[in-house]
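Note that the sequence shown covers residues 126 to 312 in our numbering. Worksheet: one structure, shown below.
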Amino acid sequence: MSVNQQDIETIHELLVPAFGEKAWATKLSTSGRYIVVEFGDPTPVIGDPNTIAGKWHLVTNACAWRLEKNGGVLTGSLDVPSFVPSPEYDKDGSQRANAKEQRFNVEQALQELDGLSLQTVEVQRPAFDTIFTFDNSVKLHFFSVVFFGNEDGSVTWRHWSFYMPDGRVLIIGPGTNWSVKKYRKAS
């Protein structure tokens with residue numbers, strides 16, 4: 126299956142209502158694999174009033190990513206260490222310290238998004254590579270890297286997901302699959 130122009134237009138229309146909303150609470154997951162970006166007014170999560178999320182909520186999963194500003198690269202997904210050696214293999218602790226510093230640098234770079242308004246989103250052929258463009262010439266690129274799903278048709282390796290205030294989630298990936306599903310009641 127290939128990505129067609131109608132797919133791109135429909136996905137774009139789903140994202141347009143978030144244009145102009147400011148990003149905040151951008152963070153790297155504990156594992157370092159995922160990025161989470163909140164957009165719009167902070168809102169208590171339905172069913173968990175102690176948790177605050179944005180009106181819109183962007184989460185990466187199985188995609189590579191790169192953050193750019195003014196045409197230069199700030200950081201990318203492989204800048205996060207995927208392996209931190211145990212103390213028995215890192216006797217002096219230097220490798221663990223280096224991994225910690227690398228992660229800190231990536232987290233600092235990602236905070237560049239906080240306070241910037243989402244201007245546009247460009248979804249590209251052939252495999253849903255996506256560019257989120259913000260104020261100040263900041264761009265967050267997503268690159269599709271997983272092209273299979275589960276045999277039963279369920280999706281576990283999404284490229285990225287965009288949670289919307291009406292209780293739906295836009296799911297991009299794996300491969301050239303995409304869907305919109307209900308995940309909760311509208312806020």
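A virtual CB, placed ideally from N, CA and C, is assigned to each residue, including glycine. The model shown is predicted, which means the values in this text are computed figures rather than measured ones.
Cβ neighbours of S154 in the same chain (closer than 8 Å, five flanking residues each side left out): The residue given as residue 154 occupies position 29 in the sequence shown. I160 and V161.
H137 in three-state terms, based on DSSP: The residue labelled residue 137 in the question sits at position 12 within the sequence shown. Helix.
Between the CA atoms of V248 and H137 - distance to the nearest angstrom: For this step, residue 137 is matched to residue 12 along the sequence shown. For this step, residue 248 is matched to residue 123 along the sequence shown. Rounded to the nearest whole angstrom, the CA to CA distance from H137 to V248 is 7 Å.
Buried versus exposed call for V231 [16 or more other C-beta atoms within 10 Å across all chains shown]: What you label residue 231 is simply residue 106 of the sequence shown in a count that begins at 1. Answer is buried; the Cβ neighbour count reaches 16.
Beta-carbon separation (whole angstroms), S127 vs P299, contact threshold 8 Å: Stepping through the sequence shown from its first residue, residue 127 is reached at position 2. Stepping through the sequence shown from its first residue, residue 299 is reached at position 174. Contact between S127 and P299 is ruled out by a C-beta separation of about 14 Å, above the 8 Å threshold.
Buried/exposed call for R309, threshold 16 Cβ in 10 Å: Working through the sequence shown from its first residue, we reach residue 309 at position 184. By the 10 Å Cβ count, R309 comes out exposed.
Identity of the residues DSSP links to R293 by a beta bridge: Position 168 of the sequence shown holds residue 293. R293 pairs with K307.
Same chain, Cβ closer than 8 Å to P212, neighbours up to 5 away in sequence not counted: Walking along the sequence shown from the start, residue 212 turns up at place 87. Contacts found: G218 and R221.
Limits of the alpha helix (DSSP H) - the one that N223 falls within: What you label residue 223 is simply residue 98 of the sequence shown in a count that begins at 1. Residues S219 to L235.
Buried or exposed (CB count within 10 angstroms, at least 16 for buried), I171: On the sequence shown, position 46 is the one that residue 171 refers to. Exposed is the call here.
Length of the line joining the Cα atoms of F257 and K216: Residue 257 sits at position 132 when you count from the first residue of the sequence shown. Residue 216 sits at position 91 when you count from the first residue of the sequence shown. For F257 and K216, the gap between their C-alpha atoms comes out near 42 Å.
Per-residue burial, F259 [other beta carbons within 10 Å of its own, 16 or more giving buried]: One-based indexing of the sequence shown puts residue 259 at position 134. With 16 or more Cβ atoms within 10 Å of its Cβ, F259 is classed as buried.
Same chain, Cβ closer than 7 Å to S269, five either side skipped, listed in chain order: For the purposes of this step, residue 269 is identified with residue 144 of the sequence shown, where counting begins at 1. These residues qualify, in order along the chain: C188, A252, F253, D254, H284 and G298.
Backbone CA spacing between S286 and I296 [nearest angstrom]: The residue given as residue 286 occupies position 161 in the sequence shown. The residue given as residue 296 occupies position 171 in the sequence shown. Here the C-alpha atom of S286 lies approximately 5 Å from the C-alpha atom of I296.
N129 (DSSP reduced to helix, strand or coil): Stepping through the sequence shown from its first residue, residue 129 is reached at position 4. It is coil, neither helix nor strand.
Nearest candidate by alpha-carbon position, reference T185, set I177, P174 and G201: The count along the sequence shown starts at 1 and reaches residue 185 at position 60. Comparing Cα positions, the closest option is G201.
Beta-bridge pairing of Y159 - partner residues as DSSP gives them: Counted from its first residue, the sequence shown places residue 159 at position 34. For Y159, DSSP records no beta bridge to any residue.
9 Å Cβ cutoff met for F144 and Q244: Numbered from 1 along the sequence shown, position 19 holds the residue referred to as residue 144. Numbered from 1 along the sequence shown, position 119 holds the residue referred to as residue 244. For F144 and Q244, yes; Cβs fall inside 9 Å.
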